[in-house]
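These notes concern the structure reproduced below.
Numbering (the numbering used here), first residue to last: 14 to 85.
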């Protein structure tokens, strides 16, 4: 009886660990696209806009004023 209990317990731990890893991967994947963008705030017209990763400065789409990337 104790062997059966230990096998069931080990199986439950393995299933729970796999479920945790899958959920963690899905959660991380959802934020991957957000983390690859740069956020900008226009000092001239006060608008906020985003662009692809790697750009340190970008012109505002509303007023064409060049702004630096926001750092969080």
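Note that beta-carbon positions come from the ideal geometry of N, C-alpha and C, so glycine has one too.
Alpha carbons only, please: which of 25, 20, 19, 82 is nearest the one belonging to residue 56? 82
Spell out the partners DSSP gives residue 63 in its beta bridges. 52
Measure the alpha-carbon distance for residue 9 versus residue 50 and round it to whole angstroms. Outside the displayed span of the chain (14 to 85) sits residue 9, for which this structure offers no information.
Are the beta-carbon atoms belonging to residue 60 and residue 71 less than 8 Å from one another? no
Considering only DSSP beta bridges, list what residue 77 is partnered with. Residue 77 pairs with nothing; no bridge assigned.
Distance check for residue 41 and residue 53, CA to CA, integer angstroms please. 24 Å
In this structure, does DSSP put residue 71 in helix, strand or coil? strand
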